[in-house]
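Residue numbers (our numbering): 23 to 249.
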Amino acid sequence: MHMSDGLLNATTSMLFIGVAVVGVAIAAARARGDLDDRTAPMAGLVAAFVFAAQMINFPVLPGVSGHLLGGALAAILVGPWVGALCVSIVLVVQALVFADGGLTALGANVTNMALIGTAAGFLVALALKRVAARGRGGLVAVAFVAALVNTVVASLGFVLEFAIGGDTAFPVSGVAGTVVGVHVLIGVGEGVITALTVGAVAAVRPDLVYLLRGAAKPLELRTGVVA
Numbered sequence: 023m024h025m026s027d028g029l030l031n032a033t034t035s036m037l038f039i040g041v042a043v044v045g046v047a048i049a050a051a052r053a054r055g056d057l058d059d060r061t062a063p064m065a066g067l068v069a070a071f072v073f074a075a076q077m078i079n080f081p082v083l084p085g086v087s088g089h090l091l092g093g094a095l096a097a098i099l100v101g102p103w104v105g106a107l108c109v110s111i112v113l114v115v116q117a118l119v120f121a122d123g124g125l126t127a128l129g130a131n132v133t134n135m136a137l138i139g140t141a142a143g144f145l146v147a148l149a150l151k152r153v154a155a156r157g158r159g160g161l162v163a164v165a166f167v168a169a170l171v172n173t174v175v176a177s178l179g180f181v182l183e184f185a186i187g188g189d190t191a192f193p194v195s196g197v198a199g200t201v202v203g204v205h206v207l208i209g210v211g212e213g214v215i216t217a218l219t220v221g222a223v224a225a226v227r228p229d230l231v232y233l234l235r236g237a238a239k240p241l242e243l244r245t246g247v248v249a
């Protein structure tokens, strides 16, 4: 999912740098209302976890691997605005320190993974909030679906950007089929990691799961045991 330098032309790269700057600025402004003494440390832990998890690749197909994007995970645990900031920070550090993703492509990467992916994952989770609030099994299932959708939608962001400013020697339809197909498989891995992580947090501190705010939690989520 990390795009490298030269994959998009200069005009398109600058366009999505602008999109990323505006999106992150909006997220930063909106995140102030979600951060307090309890959620701020959680946001730091989420960012650290996403950073570490993105450094680990898992095999998808022969010669093809994927890694956690983290948008749905962050959105479910700390909310969409703070989640978008967490993933953005991770992507910036990776680009500047580890050369993971090109600097000219940083705007596109932030747009895809931190903005589009996080928004898609959270909207799916929000739509399924009643299922998530039924118990840990429901929450884990919702986390899996949200992460899978997050990954596929983020890959569609890449396809859109490539259609705008990619190499015209490659047909967009072929690129779309390959990219989306691979990311469906990556999304399964993303879903498993997200489901396990969210389930582990909910088992210990369900009150820290942003998605469950305002929901009537069953005894299973309140106490960590099944009634």
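Just so you know, even glycine gets a beta-carbon here, dropped at the ideal spot from N, CA and C.
Alpha carbon to alpha carbon, what distance is there between residue j and residue i?
i, j, result
"Ala117", "Ile208", "21 Å"
"Ser195", "Gly187", "14 Å"
"Gly28", "Pro193", "17 Å"
"Gly236", "Leu113", "31 Å"
"Ala168", "Gly143", "5 Å"
"Ala249", "Leu234", "The predicted model places Ala249 with a pLDDT of 39, which falls under 50 and marks its position as unreliable; any figure quoted below should be read in that light. Distance between the alpha carbons of Ala249 and Leu234 is about 19 Å."
"Leu241", "Phe71", "With a pLDDT of 46 at Leu241, under the threshold of 50, the modelled position of this residue cannot be trusted; read the value that follows with caution. C-alpha separation (whole angstroms): 28 Å."
"Ser26", "Ala147", "30 Å"
"Val175", "Thr190", "22 Å"
"Ala198", "Val41", "22 Å"
"His205", "Ile138", "15 Å"
"Val4", "Ile98", "Only positions 23 to 249 of the chain appear in this structure, which leaves residue 4 out of reach."
If I'm right that residue i touches residue j with Cβ under 8 Å, what's the distance once you round it to whole angstroms?
i, j, result
"Met36", "Gly93", "Actually they do not touch by this definition, with Cβ atoms about 24 Å apart."
"Ala224", "Leu161", "6 Å"
"Leu170", "Val210", "6 Å"
"Phe38", "Thr140", "16 Å between Cβ atoms; not a contact."
"Ala52", "Trp103", "Reading off the sequence, residue 52 comes out as Arg, not Ala. Indeed they touch by this definition, with Cβ atoms about 4 Å apart."
Skipping 5 residues on each side, what residues in its chain have a beta carbon closer than 7 Å to that of residue i?
i, result
"Leu178", "Val202"
"Leu91", "Met23, Met135, Gly139, Asn172, Thr173, Ala176, Glu212"
Below 8 Å CB to CB, which residues in the same chain sit around residue i once its five sequence neighbours on both sides are set aside?
i, result
"Thr33", "Gly187"
"Phe166", "Gly213, Val214, Thr216, Ala217"
"Val100", "Asp56, Thr61, Met64, Ala65, Val68, Cys108, Tyr232"
"Leu125", "Asp27, Ala117, Leu118"
"Gly221", "Arg158, Leu161, Val162, Ala165"
Compute the distance between the beta-carbons of residue i and residue j, then report whether it is under 8 Å.
i, j, result
"Leu30", "Ala127", "yes"
"Val172", "His24", "At residue 172 the sequence reads Asn, which differs from the Val that was named. Cβ atoms of Asn172 and His24: not closer than 8 Å."
"Ala49", "Ala106", "yes"
What is the residue span of the alpha helix (DSSP H) that residue i lies within?
i, result
"Met36", "32 to 53"
"Met77", "Premise fails: Met77 is in no alpha helix (DSSP H) and is neither H nor E."
"Pro102", "102 to 119"
"Ala168", "158 to 187"
"Asn131", "128 to 131"
"Leu148", "139 to 149"
Just to confirm my understanding: we take residue i, look at its own chain, exclude 5 residues before and 5 after, and list those with CB closer than 6 Å. What are they?
i, result
"Val153", "Gly160, Val164"
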